[in-house]
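Novice:
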Amino acid sequence: MENKDWYKITFQIESNLEDLIIWKFNELGISSYSFEYLMNSENKKIVNVWLPTLNWDKNTRNNLELEISKLLKIKDTQNKLFDWTIIHEEDWLTSWKKHWGPELVGNHLVILPSWINLNEKYKERKIIKIDPGAAFGTGGHPSTYLCLEKMEKIIFSGKKVLDIGCGSGILSVTAKTLGAKEIFAIDNDYLAINATKSNYLLNFDNLQDLQIALGSFNEVFQKHPHNSFDFILCNILAEVIKDSIPIMTKCLKNNGKVILSGILNSQKDEIIKILNLNHLKLIGLSSKKDWVCIAAQKASNSTYA
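Numbering-wise, the sequence shown is residues 1 to 305 according to my numbering.
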């Protein structure tokens, strides 16, 4: 039977380094983490990270410690910065649930953990139920929040949507909740594929209108080209976004739109330049902390293919 235990790594940071840590986790493909204030200090936080034991051997764990130590500019290797424990599968949700509650997004959405009852004062909001599972995106990360905030202002009724790097499925579920007719979701991690299916079922009791594929965006669309999407949603690393933009253009209908997140403020100018080179015009830009979300539209007379 497959081992589903988890390593939980805990370490302390200065509060102003939270964004830097989030950026590093994004770069390393780590999405199961939380931050909590120390009881006696608002200037320091505890970082909790959950990693599946199956994918993190001793060398990989040592390399992670080195990466974080370098980021935090800690040179004293004798200083025990990291605390490692093993969380068994049956304890996983108990461990994770302590660090997650409802997340209000914009004016109309609430991201609701599946085990929590919604407060009556939020009953008028559209509810997006999420069971974190392996915790691929819960709405708390600034990049996910920005994407959801942008989505709630869009009319998705009857539209065909592509979700690149679907993770927990939070963007796919939101698009469907907002009226999307058909959704195609892609991720290169089988855990994300399973999480997306589970959360879609949690919200809609069926997988109707959802197609899902395992693999990278470029690989999937080389094998199964599409050119009829009204919207593309993409909340992943900026480096991956840059390489994917030319194919995104080919996948969009004329006048189709992309919503891109997972981009640091320092990376936005390069992303916008690549969008312009690929016939995608900037139509919106929002920011939260050091993160930005970019919306762009394909020209109505574009013959790019």
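Quick reminder that beta carbons are idealized off the backbone N, C-alpha and C, glycines included. Since the structure is predicted, the reported quantities are computational estimates derived from the model, not experimental observations.
List the whole-angstrom C-beta distance separating Leu260 from Cys234, where the pair is believed to meet the contact cut-off of C-beta under 8 angstroms.
Specialist: Here the question's residue 260 lines up with position 260 in the sequence shown. Here the question's residue 234 lines up with position 234 in the sequence shown. That belief holds up - the Cβ atoms of Leu260 and Cys234 are roughly 5 angstroms apart, short of 8 angstroms.
Novice: Determine the contact status of Gly256 and Lys298, defining contact as a CB-CB distance below 7 angstroms.
Specialist: Here residue 256 corresponds to residue number 256 of the sequence shown, with the count starting at 1. Here residue 298 corresponds to residue number 298 of the sequence shown, with the count starting at 1. Result yes, Cβ atoms of Gly256 and Lys298 sit closer than 7 angstroms.
Novice: Can you give me the C-alpha to C-alpha distance between Ala134 and Thr10, rounded to a whole angstrom?
Specialist: In the sequence shown, the residue the question calls residue 134 occupies position 134. In the sequence shown, the residue the question calls residue 10 occupies position 10. Note on Ala134: pLDDT 48, under 50, position unreliable in the model; the coordinate value appears next. Roughly 17 angstroms separates the two Cα atoms.
Novice: Just the C-alpha distance for Leu207 and Glu14, rounded to the nearest angstrom, thanks.
Specialist: Position 207 of the sequence shown, counted from the first residue, corresponds to residue 207. Position 14 of the sequence shown, counted from the first residue, corresponds to residue 14. Going by the C-alpha atoms only, they are around 43 angstroms apart.
Novice: Less than 6 angstroms between C-beta atoms, sequence neighbours within five positions excluded: which residues of the same chain meet that for Gly158?
Specialist: Along the sequence shown, read from residue 1 onward, the residue named residue 158 stands at position 158. Closer than 6 angstroms at Cβ, skipping near neighbours: Lys181.
Novice: Quick one: what's got a C-beta closer than 6 angstroms to Gln211's C-beta in the same chain, skipping five residues either side?
Specialist: As a working mapping, residue 211 is identified with position 211 in the sequence shown. Taken in chain order, the residues that qualify are Phe184.
Novice: Please name the residue, chosen from Pro113, Lys73, Ile247, Val110, that lies closest to Ser216 on a Cα-to-Cα basis.
Specialist: In the sequence shown, the residue the question calls residue 216 occupies position 216. Closest by alpha carbon: Ile247.
Novice: Could you name the residues that DSSP lists as bridge partners for Cys234?
Specialist: On the sequence shown, residue 234 is found 234 positions in, with the first residue counted as 1. Paired residue(s): Ile164, Leu260.
Novice: Mind checking His141: buried by the 16 CB within 10 Å criterion, or exposed?
Specialist: Your numbering for residue 141 matches position 141 in the sequence shown. Label assigned to His141: buried.
Novice: Let me know if Ile283 comes out buried or exposed under the rule of 16 or more other beta-carbons within 10 Å of its beta-carbon.
Specialist: Here the question's residue 283 lines up with position 283 in the sequence shown. It counts as exposed.
Novice: Using the C-alpha atoms, what's the distance from Asp189 back to Leu275?
Specialist: Against the sequence shown, residue 275 aligns to sequence position 275. Against the sequence shown, residue 189 aligns to sequence position 189. Distance between the alpha carbons of Leu275 and Asp189 is about 26 angstroms.
Novice: Indicate the three-state DSSP secondary structure (helix, strand or coil) for Phe156 in the structure shown.
Specialist: Locating residue 156 in the sequence shown gives position 156, counting from the first residue. Phe156 falls in the coil class under three-state DSSP.
Novice: Can you name, in chain order, every residue of its own chain whose Cβ lies under 7 angstroms from the Cβ of Asp5, other than the five neighbours on each side?
Specialist: One-based indexing of the sequence shown puts residue 5 at position 5. For Asp5, where only same-chain residues beyond five positions count, the Cβ hits under 7 angstroms are Thr53, Ile86, Ile87, His88, Glu89.
Novice: In this structure, does DSSP put Gln267 in helix, strand or coil?
Specialist: Within the sequence shown, residue 267 is the residue found at index 267, counting from 1. Helix, per DSSP.
Novice: Determine, using beta carbons only, whether Ile130 comes closer than 7 angstroms to chain B.
Specialist: You won't find chain B in this structure, because it holds only one protein chain.
Novice: Run through DSSP, which three-state label would Pro246 get?
Specialist: Residue mapping note: residue 246 aligns to position 246 of the sequence shown, counting from 1. In the three-state reduction of the DSSP assignment, Pro246 falls in the helix class.
Novice: Give me the Cα-Cα distance between Glu124 and His108, rounded to the nearest whole angstrom.
Specialist: Your numbering for residue 124 matches position 124 in the sequence shown. Your numbering for residue 108 matches position 108 in the sequence shown. Straight through space, the alpha carbons of His108 and Glu124 are spaced by roughly 8 angstroms.
Novice: Which of the three DSSP states is assigned to Leu112 in this structure?
Specialist: Position 112 of the sequence shown holds residue 112. Here Leu112 sits in strand by DSSP.
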